[in-house]
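**Q** Once you've had a glance at the structure underneath, I'll fire off some questions.
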Amino acid sequence: MAGLEEAVDALAREGDFHGVVRVDRGGEPVLERAYGLADRRHGIAMTPRHQLGIASGSKGFTALAVMSLVEDGVLELETTARSLLGDDLPLIDDAVTVEQLLAHRSGIGDYLDEDDGEVTDYVLPVPVHRLDSTEAFVPVLDGFPMAFPPGERFYYCNSGYVVLALLAERAGGATYHDLVRQRVCRPAGMADTDFFRTDALPGRAAESYVRVDGQWRTNLLHLPVLATGDGGIHSTAADLAAFWTALFAGRIVPADVVARMVRPRSRAPEDPRRYGLGFWLHESTDVVWLEGYDAGVSFRSVHDPTNALTHTVMSTTDAGAWPLSRMLTAELARP
0 MAGLEEAVDA LAREGDFHGV VRVDRGGEPV LERAYGLADR RHGIAMTPRH
50 QLGIASGSKG FTALAVMSLV EDGVLELETT ARSLLGDDLP LIDDAVTVEQ
100 LLAHRSGIGD YLDEDDGEVT DYVLPVPVHR LDSTEAFVPV LDGFPMAFPP
150 GERFYYCNSG YVVLALLAER AGGATYHDLV RQRVCRPAGM ADTDFFRTDA
200 LPGRAAESYV RVDGQWRTNL LHLPVLATGD GGIHSTAADL AAFWTALFAG
250 RIVPADVVAR MVRPRSRAPE DPRRYGLGFW LHESTDVVWL EGYDAGVSFR
300 SVHDPTNALT HTVMSTTDAG AWPLSRMLTA ELARP
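For the sequence shown, numbering that gives the first Met the number 0 gives the first residue as 0, with consecutive numbering after it.
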């Protein structure tokens, strides 16, 4: 791995990368590097033990919490959102199901359209400090008409995963955050993964940064103060490696459920990638990954179950992770 380490170091320096890179083979780390600063204001160096936000990467955790409830008989894939929403969010079609929400095939309107605007925009329609629970998102999700009939096609939808968090809470008898902690993080041994308020980050949580008016500023005013089903948990590269091992060992949900979740349900429009239930899938192989992009966050964790090979790149800027992840994808695919 010496040549790979040199290549990662060079690309990280070239791109002024701030974050963490890790590669695991056969469940063991073969490369782990930290670059730049975890806190630019105080000059605190990044370390592999720092916890970084993963934005939409945690949609996979939402999907697993929901599928765990399905496995327990608390929910079904055919359960309609309406059966638990009651009178809330009346513009969601009565036929929308849990499975369609998981697969981004529900057709519901999205409160956060990633194709509209820039990552540096202040996109939330209410003060971010109000968004401190999943139920607090209900007014934010309201008022968006259906984009297409349920099940018609794939369209990546953040609202769908917030709705899934709502359904999980209302059916599961616990907060969404506790469901993920208990049903995903705990069985995976992810002791350093959790939901943090952005205005009260603990000591090992790295700050995330957005370039605004030529200056680096934290993303505090760009995102909900407490993340929910569509993304925003903090984690470490080591915990992500543990996650993939636990997932494919059947320790989070049984192996047959994992197989259902990584079975292709859709092909992304104008994109060779496929999508299952909460996971991105390679266009032709069994490689699976989680990724996230938001104000002050870029993240990708890629797992090849056939070769027991994982790489994770986590960055405190919105573009930092992509060059390194692309390079690792290419280099690790070489025979």
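Glycine included, each C-beta is placed from N, C-alpha and C at the ideal position.
Whole angstroms are fine: how far does the CA of E206 sit from the CA of T315?
**A** Counting from 1 along the sequence shown, the entry for residue 315 is found at position 316. Counting from 1 along the sequence shown, the entry for residue 206 is found at position 207. Cα to Cα, the separation comes out at about 7 Å.
**Q** Which whole-angstrom value describes the C-beta separation of V340 and A64, a residue pair presumed to lie in contact below a C-beta threshold of 8 Å?
**A** With the chain represented from 0 up to 334, any question about residue 340 goes unanswered, as that position is not in the structure.
**Q** When we look at the beta-carbon of A241 and count the other beta-carbons within 10 Å, is it buried (16 or more) or exposed?
**A** Looking up residue 241 in the sequence shown gives position 242. The residue in question, A241, is buried, as its Cβ has 16 or more Cβ neighbours within 10 Å.
**Q** Helix or strand or just coil, what does DSSP make of A170?
**A** On the sequence shown, position 171 is the one that residue 170 refers to. Looking at A170 - three-state DSSP - the assignment turns out to be helix.
**Q** Check whether the Cβ atoms of A62 and L111 lie closer than 7 Å to each other.
**A** Counted from its first residue, the sequence shown places residue 62 at position 63. Counted from its first residue, the sequence shown places residue 111 at position 112. Not a contact, by the Cβ cut-off of 7 Å.
**Q** Is Y274 closer than 7 Å to S283 when the C-beta atoms are compared?
**A** In the sequence shown, counting from the first residue as 1, residue 283 sits at position 284. In the sequence shown, counting from the first residue as 1, residue 274 sits at position 275. Not in contact: S283 and Y274 (Cβ atoms no closer than 7 Å).
**Q** At what residue ranges does the region 35-86 contain a whole run of the beta strand (DSSP E), taking only runs of 3 or more?
**A** Whole beta strand (DSSP E) segments, 3+ residues: 36-38.
**Q** Under the three-state reduction of DSSP, which class applies to Y208: helix, strand or coil?
**A** For the purposes of this step, residue 208 is identified with residue 209 of the sequence shown, where counting begins at 1. In this structure, Y208 counts as strand in the three-state DSSP scheme.
**Q** By DSSP's criteria, W288 is part of a beta bridge. Which residues make up the other side?
**A** Indexing the sequence shown from 1 puts residue 288 at position 289. W288 is bridged to W279 and V301.
**Q** Given this structure, state the Cα-to-Cα distance separating D120 from T305, to the nearest angstrom.
**A** Here residue 120 refers to the residue found at position 121 of the sequence shown. Here residue 305 refers to the residue found at position 306 of the sequence shown. Looking at the two C-alpha atoms, the distance is approximately 40 Å.
**Q** From A245 to H17, what does the alpha carbon distance come to, in whole angstroms?
**A** The sequence position of residue 245 within the sequence shown is 246, counting from 1. The sequence position of residue 17 within the sequence shown is 18, counting from 1. Approximately 28 Å between the Cα atoms of the pair.
**Q** Within a Cβ cutoff of 6 Å, which residues of the same chain sit near F147, ignoring the five residues on either side of it in sequence?
**A** For the purposes of this step, residue 147 is taken as the residue at position 148 of the sequence shown. Same-chain partners within the cutoff: G106.
**Q** Could you pull out every residue in the same chain whose Cβ sits closer than 6 Å to the Cβ of E31, ignoring the five residues on either side in sequence?
**A** Working through the sequence shown from its first residue, we reach residue 31 at position 32. The answer, listed in chain order, is R21 and P47.
**Q** In its own chain, which residues sit with a C-beta less than 8 Å from the C-beta of V125, not counting the 5 before and 5 after it?
**A** Here residue 125 refers to the residue found at position 126 when the sequence shown is read from its first residue. Closer than 8 Å at the Cβ level, and outside the excluded window around V125, lie P138 and V139.
**Q** Mapping DSSP to helix, strand and coil, what is A33?
**A** As a position in the sequence shown, residue 33 is number 34, starting the count at 1. Strand at A33.
**Q** Is the beta carbon of F195 closer than 7 Å to that of H339?
**A** As displayed, the chain neither begins before 0 nor continues past 334, which places residue 339 out of reach and without an answer.
**Q** Compare the beta carbon distance of V312 and R299 with 7 Å and say whether it is the shorter of the two.
**A** Taking the sequence shown and counting its residues from 1, the one referred to as residue 312 is at position 313. Taking the sequence shown and counting its residues from 1, the one referred to as residue 299 is at position 300. Yes. Within cutoff.
**Q** Please report how far the alpha carbon of T78 lies from the alpha carbon of D293, in whole angstroms.
**A** Here residue 78 corresponds to residue number 79 of the sequence shown, with the count starting at 1. Here residue 293 corresponds to residue number 294 of the sequence shown, with the count starting at 1. Cα to Cα, the separation comes out at about 30 Å.
**Q** Which partner residues does D177 have in the DSSP bridge list?
**A** Taking the first residue of the sequence shown as position 1, residue 177 is located at position 178. Paired residue(s): none; D177 is not in a bridge.
**Q** What would DSSP say about G159, mapped onto helix, strand or coil?
**A** By 1-based counting over the sequence shown, the position of residue 159 is 160. Here G159 sits in helix by DSSP.
**Q** Which of helix, strand or coil does DSSP assign to P28?
**A** Here residue 28 refers to the residue found at position 29 when the sequence shown is read from its first residue. P28: strand per DSSP, three-state reduction.
**Q** For E70 and V252, which I take to be in contact (beta-carbon distance under 8 Å), what is that distance rounded to the nearest angstrom?
**A** Reading the sequence shown from its first residue, position 71 is the one you call residue 70. Reading the sequence shown from its first residue, position 253 is the one you call residue 252. Right, the Cβ-Cβ distance comes to about 6 Å (below 8 Å), so this counts as a contact.
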